[in-house]
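See below for the structure under consideration.
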Amino acid sequence: MGYEVSSTCQGLMANFSHTVVDPFDAANLPNSSAANDGTYYGEHMEYLTGIIAQTNQYGDQINDAANAGNTLSSLYDSNNPLAEQLKNVALMISGGLETKVYILNVNGFDTHDNQILGSDTTLGTHANLMKQVSDAIYAFQDDLKLLGLEKRVAGMTFSEFGRQIASNASEGTDHGDAAPLFLFGDCLETSLYGPNPTIPAQVSNQAGLPMMIDFRDVYASLLRYWFGVEDATVQSMFEHSVTYHNIIGGCNLSTDEQNSMTESLSSIVYPNPCGDKATLKVNGEGGNVKIEIYDMQGRMMKSVFEGKLTLATHHIPMELDGLENGTYSVKIQQPNGVESVQLIKMRN
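Under our numbering, the first residue of the sequence shown carries the number 1, and numbering increases by one thereafter.
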């Protein structure tokens, strides 16, 4: 939604999306036919006019969906840009448009200055932006429920970068790495996921929070469990060993799919976060098992176990001395498949 293609949808050679500002006026590129006279100019003009014609055909489908769709919630704020975008998304979904992914945009979160008002973190630019996001999502979910579509839609927030811990001299924050991520929808697990960050009493200049959950694993979990992409295909999309997270509720899944998810998430590491020692609880399948620890770049850092496990629950001790503090993936290879479990080392 908007005037520019999101970088998320840009491929190496072409864009994989269609930008829409007004779904009722999506087929609005002026075009005229161009005869290919066999010249370099003629060939390229034929290509350009053909692309414009195809784009307008896509636009016609969007227009048809907008005209066939409906929105029922009275909670949308016309002065809230995100609410207006979400209203259009609800309109197009209800109108039968078969687009699987919609990318929306909210500006203003690069808060280098005036992030708060005075010393009150509940007032100011950042608080206003968070309220804008909250109000827009609340209206959208209300609309989906009224339309009977609440079990068919999942939402996720993402950003180009996070923020640092300490404020700067302009009552703002500078670019950081880690940031919270919100998932919303009736079929998603609605709880705080992951441990609260530990912030030291003295924060060094330009320090950021360490990453606890790899955002790529959140993407992978949505691909696997919401879109139903096969595990091998998901793994091939990423350079690291993927750790799936149980972020999906059960309302949209068949019994077999729910059982598959439960089985694939049966192993746990405890305590987690941990120090130099941790334990892996794993359900043995009665065959050969290999357990290894990988870093977020996909490098094997430590071999934990290799041998046979009986058809029972096992608690395998893991010695983690020598590993730097950070996030790792415990990879468990058994006869029936591969499972990855996240491990966070935070203290020596």
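Even for Gly, the Cβ is constructed at its ideal location relative to N, Cα and C.
Taking the runs of the beta strand (DSSP E) that are 3 residues or longer, which of them lie wholly in the stretch 258 to 335?
When DSSP assignments are scanned along the stretch 258 to 335, the uninterrupted stretches of beta strand (DSSP E) that are 3 or more residues long and fall wholly within it turn out to be 268 to 270, 277 to 283, 287 to 294, 300 to 309, 313 to 319 and 326 to 334.
Nearest-angstrom Cβ-Cβ length linking R216 and F182, presumed shorter than 8 Å:
Position 216 of the sequence shown, counting from 1, holds the residue named residue 216. Position 182 of the sequence shown, counting from 1, holds the residue named residue 182. Incorrect: roughly 17 Å between the Cβ atoms, too far for contact.
Going by C-alpha distance, which of L311, S340 and P273 is nearest E292?
Working through the sequence shown from its first residue, we reach residue 292 at position 292. Among L311, S340 and P273, the Cα nearest to that of E292 is on S340.
Three-way DSSP call (helix, strand, coil) for M156 in this model:
In the sequence shown, residue 156 corresponds to position 156, counting from 1. Looking at M156 - three-state DSSP - the assignment turns out to be strand.
For M13, which three-state DSSP category applies?
For the purposes of this step, residue 13 is taken as the residue at position 13 of the sequence shown. In the three-state reduction of the DSSP assignment, M13 falls in the coil class.
Pick from M45, L97 and Q85: whose alpha carbon is nearest that of A65?
Stepping through the sequence shown from its first residue, residue 65 is reached at position 65. The shortest C-alpha separation from A65 is found at L97.
Is I116 helix, strand or coil by DSSP?
Along the sequence shown, read from residue 1 onward, the residue named residue 116 stands at position 116. Three-state result, I116: coil.
Does the contact criterion of 3 or more C-beta pairs under 8 Å hold for the stretch 19 to 36 versus the stretch 50 to 66?
Contact between the stretch 19 to 36 and the stretch 50 to 66 is present: three or more C-beta pairs spanning the two stretches fall below 8 Å.
Grab the span of the alpha helix (DSSP H) containing Q61 for me, first residue to last.
Position 61 of the sequence shown, counted from the start, is the residue given in the question as residue 61. Y40 to A68 is the extent of the alpha helix (DSSP H) around Q61.
Whether Y328 touches D276 by CB criterion (8 Å):
Here the question's residue 328 lines up with position 328 in the sequence shown. Here the question's residue 276 lines up with position 276 in the sequence shown. No. Outside cutoff.
By the three-class DSSP mapping on this structure, what secondary structure does V21 have?
Taking the sequence shown and counting its residues from 1, the one referred to as residue 21 is at position 21. It is coil, neither helix nor strand.
What do you get for V101, buried or exposed, if any count of 16 or more other CB atoms within 10 angstroms of its CB means buried?
In the sequence shown, residue 101 corresponds to position 101, counting from 1. Classification for V101: exposed.
Please report the residue range of the beta strand (DSSP E) in which E339 lies.
Position 339 of the sequence shown, counting from 1, holds the residue named residue 339. Where E339 is concerned, the enclosing beta strand (DSSP E) stretches over G337 to K345.
Anyone know if the C-beta pair for S221 and I247 falls short of 8 Å?
Position 221 of the sequence shown, counted from the first residue, corresponds to residue 221. Position 247 of the sequence shown, counted from the first residue, corresponds to residue 247. Yes; because the gap between Cβ atoms is below 8 Å, this pair is in contact.
Between A166 and D177, what straight-line distance do the alpha-carbon atoms span, to the nearest angstrom?
Within the sequence shown, residue 166 is the residue found at index 166, counting from 1. Within the sequence shown, residue 177 is the residue found at index 177, counting from 1. So the two alpha carbons sit approximately 13 Å from each other.
Which of helix, strand or coil DSSP assigns to I165
By one-based count along the sequence shown, residue 165 stands at place 165. Coil, per DSSP.
Buried versus exposed, by CB contacts within 10 Å (16 or more), Y76:
The residue you call residue 76 lines up with position 76 of the sequence shown. Here Y76 is buried, its C-beta having at least 16 other C-beta atoms within 10 Å.
By how many angstroms is the C-alpha of T19 removed from the C-alpha of E43?
Taking the sequence shown and counting its residues from 1, the one referred to as residue 43 is at position 43. Taking the sequence shown and counting its residues from 1, the one referred to as residue 19 is at position 19. The alpha-carbon atoms of E43 and T19 are separated by roughly 26 Å.
Using the Cβ count rule (16 or more neighbours within 10 Å means buried), how would you classify V218?
Indexing the sequence shown from 1 puts residue 218 at position 218. Counting Cβ neighbours within 10 Å, V218 comes out buried, since at least 16 surround it.
Kindly indicate which residue of A278, S78 and N107 has the alpha-carbon position closest to the one of F161.
Sequence index remark: in the sequence shown, residue 161 carries index 161 (1-based). Comparing Cα positions, the closest option is N107.
Helix or strand or just coil, what does DSSP make of L188?
Here residue 188 refers to the residue found at position 188 when the sequence shown is read from its first residue. Correct three-state label for L188: strand.
Exposed or buried, which one is L309 when buried takes at least 16 other CB atoms within 10 Å?
Residue 309 sits at position 309 when you count from the first residue of the sequence shown. So L309 ends up on the buried side.
Beta-carbon separation of G172 and N128 under 8 Å?
Reading the sequence shown from its first residue, position 172 is the one you call residue 172. Reading the sequence shown from its first residue, position 128 is the one you call residue 128. Result no, Cβ atoms of G172 and N128 do not sit closer than 8 Å.
Y138 - containing alpha helix (DSSP H), residue span
Taking the sequence shown and counting its residues from 1, the one referred to as residue 138 is at position 138. T125 to L147 is the span of the alpha helix (DSSP H), which, as asked, contains Y138.
Please classify L223: does DSSP put it in a helix, a strand, or coil?
Your numbering for residue 223 matches position 223 in the sequence shown. L223 falls in the helix class under three-state DSSP.
Tell me whether S103 sits in a helix, a strand or coil according to DSSP, three-state version.
In the sequence shown, residue 103 corresponds to position 103, counting from 1. The sequence shown places Ile at residue 103, not Ser. If DSSP states are grouped into helix, strand and coil, I103 belongs with coil.
What does H175 pair with, by DSSP beta-bridge criteria?
The sequence position of residue 175 within the sequence shown is 175, counting from 1. H175 is bridged by DSSP to R163.
Would R224 and D231 be called neighbours here (beta carbons separated by less than 8 Å)?
For the purposes of this step, residue 224 is taken as the residue at position 224 of the sequence shown. For the purposes of this step, residue 231 is taken as the residue at position 231 of the sequence shown. Inclusion of R224 and D231 in the CB contact set at 8 Å is warranted, their separation being smaller than that value.
Taking DSSP as the reference, what is the three-state secondary structure of I248?
Locating residue 248 in the sequence shown gives position 248, counting from the first residue. In this structure, I248 counts as strand in the three-state DSSP scheme.
Determine the burial state of S73: buried for a count of at least 16 other Cβ atoms within 10 Å of its Cβ, exposed for fewer.
On the sequence shown, residue 73 is found 73 positions in, with the first residue counted as 1. By the 10 Å Cβ count, S73 comes out buried.
Is DSSP giving L183 helix, strand or coil here?
Translated into the one-based positions of the sequence shown, residue 183 becomes position 183. Three-state result, L183: strand.
Residue burial classification, L82 (beta-carbon count within 10 angstroms, cutoff 16)
Taking the first residue of the sequence shown as position 1, residue 82 is located at position 82. Here L82 is buried: its Cβ has 16 or more other Cβ atoms, across all protein chains shown, within 10 Å.
State the Cα-Cα distance for the pair T49 and P210, rounded to the nearest angstrom.
To locate residue 49, count along the sequence shown from 1; it is residue 49. To locate residue 210, count along the sequence shown from 1; it is residue 210. Rounded to the nearest angstrom, the gap between the Cα atoms of T49 and P210 is 50 Å.
Looking only at its chain, what residues have a beta carbon closer than 7 Å to the beta carbon of N252, apart from the 5 residues adjacent to it on each side?
Within the sequence shown, residue 252 is the residue found at index 252, counting from 1. Low confidence applies here, because N252 scores a pLDDT of 49, under 50, leaving its location unreliable and the question unanswered by this model.
Beta-carbon contacts of H146 that lie in its chain and below 7 Å, excluding the five residues immediately before and after
Along the sequence shown, read from residue 1 onward, the residue named residue 146 stands at position 146. First, the amino acid is wrong: residue 146 is Leu here, not His. Exclusion of the five residues before and after L146 leaves L72 and S73 as the residues of its chain whose Cβ lies within less than 7 Å of its Cβ.
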